[in-house]
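Q:
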Amino acid sequence: MAEEQVIVGLEVHCQLDTKSKLFCGCSTDYRSDGPNTHVCPVCLGLPGAMPVLNKRSIEYAMRVAKALNCTVLHESEFSRKNYFYPDLDKAYQITQYDKPLAEGGYLEIEGDEGGEKRIRITRIHVEEDPGRLVHMGNAERGKYSLVDYNRAGIPLIEIVSEPDMRSPKEARKFLNKLRATLEYLSVFDSEKEGSLRVDANISIKGSERVEVKNISSYKGVEKALLFEITRQKSLLRRGQKVDRETRHYIEARGVTQSSRSKEQEHDYRYFPEPDLRPLHVQSWVEGIVLPELPDARRERFIARYGCSLNHARTLTGELRLANFFERVVAADPKGLATLADTWIADTLIGELNYRDMSIHDLAMDEKNTTGFIQLLGLVKDRKCYDKMGIDILRQMLDTVKQGRPYETPLEIMKRLGLVPLDVASGGTSPGGASLSETNPVTRAIAEVITEQPAAVEDFYKGKKGAFNFLIGQLMKKTRGCADPGELNRLLTEELQTKEV
Amino acid sequence: MATEQEVRHIAELADVGINPEELGTFTHQFNAILDYFDVLDRVSGDTAVTRDLYNVMRDDIVKPSLPQKDVLANAPAQEDGFIKAPRVM
Amino acid sequence: MTGHEITFEPDDPYHAFLTTCPRAPHGDGKLGGIAVAVKDNISTKGIETTCASKILKGYIPPYDAHVVELLRQSGAAIVGKTNMDEFGMGTTTENSAFGPTLNPYDTGRVPGGSSGGSAAAIAGGMVRMALGTDTGGSIRCPAAFCGIVGLKPTYGRVSRYGLIAYANSLEQIGPMGRTVTDVSALLEVIAGHDRRDSTSYDKPYSPAPRADISGLKIGIPQEYFGAGVDPQVAAVVTRAIGRLEECGATTVPCTIPSMEYALAAYYVTCTCEASSNLARFDGVRYGPAADTKKSWHEAYREVRQASFGTEVRRRIMLGTYALSSGYYGKYYAKAQIARENVKRDFTRIFSEVDVIAGPTMPTIAFKLREKSDPLSMYLSDILTVPANLAGIPALSVPCGKAGGMPVGLQIMGRPWEDERVIDVAYAYEQAVS
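Sequence lines, in order, name chains Y, B and W. The first sequence runs contiguously to residue 500 in the numbering used here. The second sequence runs contiguously to residue 589 in the numbering used here. The third sequence runs contiguously to residue 1022 in the numbering used here.
Structure (structure tokens):
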């Protein structure tokens, strides 16, 4: 049986990073404040209050429209989407329905089959976020909800894609590329909690489509899609059919769950919002000057810094990461470009991911950026070898994560007792005189040879891998504080001497 | 022509409820009004609504919000600064 | 404000007020020290605002409507909140959850509605002027029934910020008063641009009612004197128009063919908008408590069924039905086209005449409980709704009596020509005084 084709389309909701809400002057900077402290008659839905559209939200949305190659419509309009829910202050959401801001664009991603792939954008529209619900109580004593309207009225942009993605991986790439694009446009901050929410439409070719709602993280998208695809495929394999339905993603359990049928009977009774006037903003498009976007920056990184394609993709895939890279390189453009490329795109990203940290966590304190630059300087000047550098980096990240006071790389080196071992003074003389007994490197080599007779034997038998094993042991003993090149040379010499 | 069942469904959709004893009269009056609305079938033309006001917007400037006590003042039930609402789960 | 206050403790035998402010503070200014009553669907900071509905009983707005701010700035004393049909849904003020208002001319009759409390407060001599709101005739009908003057301004002339919405695209706040001069003075205070209402225009009003109407062309639509219009009322109005001719105006017969479906278009539009506007009343943020232990639909349904009156629930249901999937095209969309046709009819007529005149209401004030059937009550709005559909200014000025009850002469004008409408009414008032 041929592999069933997976079809995925996404509806991505992002909070636009304006100062005030979409229809009132309340501040959008609510996350660290108490409930219901950023509300006014408009966003609380008090009787008689009226919405007034925030111009910047439209400008931001139009930047996105232009960057995603969409056509801004001659006339767009806001409508009311009517439904009851305690977090919805007016019992309708002001959104755009039959006259969205923009239609018909695309975003290029790296496709599963290699090369660039175009994901078509159906439409872009602007709408308001509802408030936030907290579920309280229990089955015995009665359940109820608590509502905080601080989030009500935060501007959202909804970007709807065509069903052009063929795997969860492509969906993730689309989302990452979209996030990067929005951040490059300075209209969105992915670091803000809950600033992105995704609904996904998933089907196996020839079967019904399922909508999965409530995906609220980048990682969640791939997980939710994988779960849903597996579920649908196994249904089909057992000869059952997939129902057309709406499901919710339960992040904690990594599963999708059918929404109760009652909720599906939505009839939103859309009609134009009579308290707002239509938009005629097509002519603004011309005046929008787009900044350098991820693809252009990627090409520049390759051309200017000699980054590999993969590294350039990684580095430019996140605005803060790209900025961090360029900050680091700027400190010593000739010396650090090559080093920074690998250290940031591979080592740093790996260590951050391991700790569930983002580049923002590191780079938001300027000292850490300086520290990272110093660290790379030490590595470059061979005052610190790769393995030592990684240890120091791990310490730096742990310090940030645990909120401990900042230490410079040199301070960390000192604290850990990581001193570059002076291999040269313990080295052999060209004449092949015996090694000094007191030098730690010399001692370590002697110890390893004594402790690993089998590996030494294998080496003499010409077994590949034996030498690397011995080097590994040697690195461990010297805690990475010796120049790996020198170690290599000294061990080779020692083994050869022995053999003679 | 709306049936009693439809009228009940509409009452449900609108969350206004309807008593069994008022359903008959309600449906009768509802239909009389809907019949009257049928005159709209005779409307011809397809003009969109004309407006002379577009792009009414404000600048992105933060204005003071209400004090929390004013926000909660009219709420019948509250808890720790939140407004209490029925359960949704 | 300079810290003055007036005492306001009226008898109120007509139940014009839902709330009175016995000590009403006021400042200096154009309306300095004048007692002004405000319809109870207009938000007043610190003063209970109920829309005559149980669902807003006890609701104290934390903010003033724009017009209320302007009233306060002008020095007016806000002396109370007037009775109305619940949320403005009615033509008699009998649909108030707190009991009907009575007509000061005949307490066995209704004052008209929905701004019946404001009209009765003026006609009963309790205040000189009041604010009303007019969605489909709610200022002009009670003005006609109670023998006072009331103006529905051009749509957008007065900010709706703080007006508890019934049908946003149709309604306007407007002045009501004993005389055209009072109405003009009140309009001057409340008209003008407000950034908080996106449908508001920058068209301030400077009053100078002039009685000179020589050369004025008045359109007389045949539909305003046809079937359904009480011949006695028609006769009184025809005589009044004759007085205008004596003042130098000329009359031109005209027709408004779209009146065939104007009332249906009006009721579809206002119920659709109302169904959405009134959805927010769920007992969570304000109003009687929803039972938080229940699931939300159940809790909402309970509180809304118990706290909305029958007519309000009927209109919410009509609007819900008309907007529901499969019916939008038949009702809402058609109503919007009908509206355009009404506008076009007016534009055509106003290319030939300066104002249009006719009766405000087809009859005199109904007896209490006379209009028990909803559709027959809706039909009595037929002469007032066209102005709301078209957004044009329309005024009712007392023009005599039929059967001992006041009759209103309705004058409609071109958009933004509220001034001319007021001038014509002033000319009439001067001619008969």
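We put the CB at the ideal spot given by N, CA and C, even for glycine.
If I follow the unbroken beta strand (DSSP E) through Glu675 (chain W), where does it start and stop?
A: Numbered from 1 along the third sequence, position 86 holds the residue referred to as residue 675 (chain W). Per DSSP, Glu675 (chain W) belongs to no beta strand (DSSP E) and is neither H nor E.
Q: Does Asp723 (chain W) come out as helix, strand or coil in the three-state DSSP assignment?
A: Along the third sequence, one-based indexing puts residue 723 (chain W) at 134. Residue state, collapsed to three classes: strand.
Q: Does Thr37 (chain Y) get closer than 8 Å to chain B when you measure Cβ to Cβ?
A: Numbered from 1 along the first sequence, position 37 holds the residue referred to as residue 37 (chain Y). Yes, Thr37 (chain Y) lies at the interface with chain B (some Cβ there is under 8 Å from its Cβ).
Q: Please name the residue, chosen from Y:Glu191, Y:Thr230, Y:Asn353, Y:Gln15, that lies closest to Glu4 (chain Y) on a Cα-to-Cα basis.
A: Working through the first sequence from its first residue, we reach residue 4 (chain Y) at position 4. For the residues Y:Glu191, Y:Thr230, Y:Asn353, Y:Gln15, the minimum Cα distance to Glu4 (chain Y) belongs to Y:Thr230.
Q: Among residues of its own chain, excluding the 5 on either side of Ala49 (chain Y), which ones have a beta-carbon nearer than 7 Å to its beta-carbon?
A: On the first sequence, residue 49 (chain Y) is found 49 positions in, with the first residue counted as 1. For Ala49 (chain Y), where only same-chain residues beyond five positions count, the Cβ hits under 7 Å are Pro41, Val42.
Q: Which one of Y:Gly9, Y:Leu10, Y:Ser27 has the shortest CA to CA distance from Asp503 (chain Y)?
A: A query on residue 503 (chain Y) cannot be resolved here, the shown segment of chain Y reaching from 1 to 500 and no further.
Q: Are Thr608 (chain W) and Ile631 (chain W) close, meaning C-beta to C-beta below 8 Å?
A: Here the question's residue 608 (chain W) lines up with position 19 in the third sequence. Here the question's residue 631 (chain W) lines up with position 42 in the third sequence. No. Outside cutoff.
Q: For Lys806 (chain W), which three-state DSSP category applies?
A: Reading the third sequence from its first residue, position 217 is the one you call residue 806 (chain W). The answer is strand: DSSP assigns Lys806 (chain W) an E or B state.
Q: With distances taken Cα to Cα, identify the nearest neighbour of Arg785 (chain W) among W:Thr949, W:Gly745, W:Asp771.
A: Translated into positions along the third sequence, residue 785 (chain W) becomes position 196. Among W:Thr949, W:Gly745, W:Asp771, the Cα nearest to that of Arg785 (chain W) belongs to W:Gly745.
Q: Could you tell me the boundaries of the alpha helix (DSSP H) in which Thr230 (chain Y) lies?
A: Taking the first residue of the first sequence as position 1, residue 230 (chain Y) is located at position 230. Start and end: 218-237.
Q: Against chain B, does Pro278 (chain Y) count as a neighbour if the rule is that its beta carbon must be under 8 Å from one of theirs?
A: On the first sequence, residue 278 (chain Y) is found 278 positions in, with the first residue counted as 1. At least one CB of chain B lies nearer than 8 Å to the CB of Pro278 (chain Y).
Q: Expressed to the nearest angstrom, what Euclidean distance is found between the alpha-carbon atoms of Gly677 (chain W) and Ile7 (chain Y)?
A: Numbered from its first residue, the third sequence carries residue 677 (chain W) at position 88. Numbered from its first residue, the first sequence carries residue 7 (chain Y) at position 7. If you take the alpha carbons of Gly677 (chain W) and Ile7 (chain Y), they lie about 51 Å apart.
Q: Can you name the residues of chain W whose CB is closer than 7 Å to the CB of Tyr92 (chain Y)?
A: Counting from one through the first sequence, the residue named residue 92 (chain Y) turns up at place 92. Ser865, Ala868, listed in chain order.
Q: Under the assumption that His615 (chain W) contacts Ala654 (chain W) (Cβ atoms under 8 Å), give the Cβ distance between them as a whole number of angstroms.
A: Residue 615 (chain W) sits at position 26 when you count from the first residue of the third sequence. Residue 654 (chain W) sits at position 65 when you count from the first residue of the third sequence. Between Ala654 (chain W) and His615 (chain W) the Cβ distance is about 17 Å, and since that is not below 8 Å, they are no contact.
Q: Please state whether DSSP places Cys40 (chain Y) in a helix, a strand or coil.
A: In the first sequence, counting from the first residue as 1, residue 40 (chain Y) sits at position 40. Three-state DSSP puts Cys40 (chain Y) in coil, outside helix and strand.
Q: Taking beta-carbon pairs under 9 Å, can you tell me which members of the region 577-589 of chain B lie near chain C?
A: Any reference to chain C falls outside this structure, whose protein chains are Y, B and W.
Q: Rounded to whole angstroms, what is the Cα-Cα separation between Val1021 (chain W) and Pro810 (chain W)?
A: The residue labelled residue 1021 (chain W) in the question sits at position 432 within the third sequence. The residue labelled residue 810 (chain W) in the question sits at position 221 within the third sequence. Cα-Cα distance, rounded: 23 Å.
Q: Check whether the Cβ of Arg508 (chain B) lies closer than 8 Å to any Cβ atom in chain Y.
A: Here residue 508 (chain B) is taken as the residue at index 8 of the second sequence, counted from 1. Cβ-Cβ to chain Y under 8 Å: no for Arg508 (chain B).
Q: Between the Cα of Arg958 (chain W) and those of W:His593, W:Thr690, W:Ile905, spot the shortest distance and give me the residue it belongs to.
A: Position 369 of the third sequence, counted from the start, is the residue given in the question as residue 958 (chain W). The shortest Cα separation from Arg958 (chain W) among W:His593, W:Thr690, W:Ile905 belongs to W:Thr690.
Q: What's the call for Ala1014 (chain W), buried or exposed, on a 16-neighbour Cβ count within 10 Å?
A: Here residue 1014 (chain W) is taken as the residue at index 425 of the third sequence, counted from 1. Buried, because 16 or more other Cβ atoms sit within 10 Å of the Cβ of Ala1014 (chain W).
Q: At least one CB of chain B closer than 8 Å to the CB of Cys26 (chain Y): is that the case?
A: Position 26 of the first sequence holds residue 26 (chain Y). So, interface residue.
Q: For the beta strand (DSSP E) that contains Asp1012 (chain W), what are its first and last residues?
A: Within the third sequence, the letter at position 423 stands for residue 1012 (chain W). Premise fails: Asp1012 (chain W) lies in the alpha helix (DSSP H), 1007-1021, not in any beta strand (DSSP E).
Q: Pick out whichever of W:Thr596, W:Thr858, W:Ala991 has its Cα sitting closest to the Cα of Met715 (chain W).
A: As a first step, residue 715 (chain W) must be located in the third sequence, where it is residue number 126. Ranking the options by Cα distance to Met715 (chain W), first place goes to W:Thr596.
Q: Pop quiz: Ala954 (chain W) and Asn692 (chain W) are said to be a contact at Cβ under 8 Å. What is the actual Cβ separation, rounded to whole angstroms?
A: Position 365 of the third sequence holds residue 954 (chain W). Position 103 of the third sequence holds residue 692 (chain W). Going by Cβ atoms, the distance from Ala954 (chain W) to Asn692 (chain W) rounds to 5 Å, so yes, they are a contact pair.
Q: Would you say Met590 (chain W) reaches chain Y, if we count a Cβ-Cβ gap shorter than 8 Å as a contact?
A: Position 1 of the third sequence holds residue 590 (chain W). Unreliable placement is indicated for Met590 (chain W), whose pLDDT of 44 sits below 50; the coordinate value is still reported in the next sentence. No, because no Cβ of chain Y sits closer than 8 Å to the Cβ of Met590 (chain W).
Q: Given a cut-off of 8 Å on the beta-carbon distance, is the pair Val187 (chain Y) and Val72 (chain Y) in contact?
A: Translated into the one-based positions of the first sequence, residue 187 (chain Y) becomes position 187. Translated into the one-based positions of the first sequence, residue 72 (chain Y) becomes position 72. For Val187 (chain Y) and Val72 (chain Y), no; Cβs fall outside 8 Å.
Q: Give the DSSP-derived three-state secondary structure of Ala780 (chain W) in the structure shown.
A: Counted from its first residue, the third sequence places residue 780 (chain W) at position 191. Looking at Ala780 (chain W) - three-state DSSP - the assignment turns out to be strand.
Q: Can you have a look at Pro995 (chain W) and say buried or exposed, based on whether 16 or more other CB atoms are within 10 angstroms of its CB?
A: On the third sequence, residue 995 (chain W) is found 406 positions in, with the first residue counted as 1. The residue is buried, with at least 16 neighbouring Cβ atoms inside 10 Å.
Q: Assign Ala863 (chain W) to one of two classes, buried (16 or more other C-beta atoms within 10 Å of its C-beta) or exposed (fewer than that).
A: Residue mapping note: residue 863 (chain W) aligns to position 274 of the third sequence, counting from 1. So Ala863 (chain W) ends up on the buried side.
Q: Consider the Cβ of Met848 (chain W): report whether some Cβ of chain B lies at a distance smaller than 8 Å.
A: Within the third sequence, residue 848 (chain W) is the residue found at index 259, counting from 1. Not an interface residue.
Q: Run down chain Y in chain order and give the residues with a C-beta less than 7 Å from the C-beta of Glu862 (chain W).
A: Position 273 of the third sequence, counted from the first residue, corresponds to residue 862 (chain W). Per Cβ cutoff of 7 Å: Pro274.
Q: Going by the DSSP bridge assignment, what does Phe606 (chain W) pair with across the sheet?
A: Walking along the third sequence from the start, residue 606 (chain W) turns up at place 17. Beta-bridge pairing links Phe606 (chain W) to W:Thr671.
Q: Report all residues from its chain with a CB closer than 6 Å to the CB of Ala1016 (chain W); omit the five preceding and five following residues, and keep chain order.
A: Stepping through the third sequence from its first residue, residue 1016 (chain W) is reached at position 427. Cβ-Cβ distances below 6 Å link Ala1016 (chain W) to Ala800, Ile802, Cys836 in the same chain, with the five nearest sequence neighbours on each side left out; the list follows chain order.
Q: With 8 Å set as the bound, which would you pick, yes or no: does the beta-carbon of Met906 (chain W) sit closer than that to a beta-carbon of chain B?
A: As a first step, residue 906 (chain W) is located in the third sequence; it is residue number 317 there, counting from the start. True, the Cβ-Cβ gap to chain B drops below 8 Å.
Q: Using 8 Å as the limit for Cβ to Cβ distance, is Asn54 (chain Y) near chain B?
A: For this step, residue 54 (chain Y) is matched to residue 54 along the first sequence. Yes, its Cβ sits closer than 8 Å to a Cβ of chain B.
Q: Considering only the beta carbon of each residue, do Glu103 (chain Y) and Arg123 (chain Y) sit closer than 8 Å?
A: Taking the first residue of the first sequence as position 1, residue 103 (chain Y) is located at position 103. Taking the first residue of the first sequence as position 1, residue 123 (chain Y) is located at position 123. Going by C-beta atoms, Glu103 (chain Y) is nearer than 8 Å to Arg123 (chain Y).
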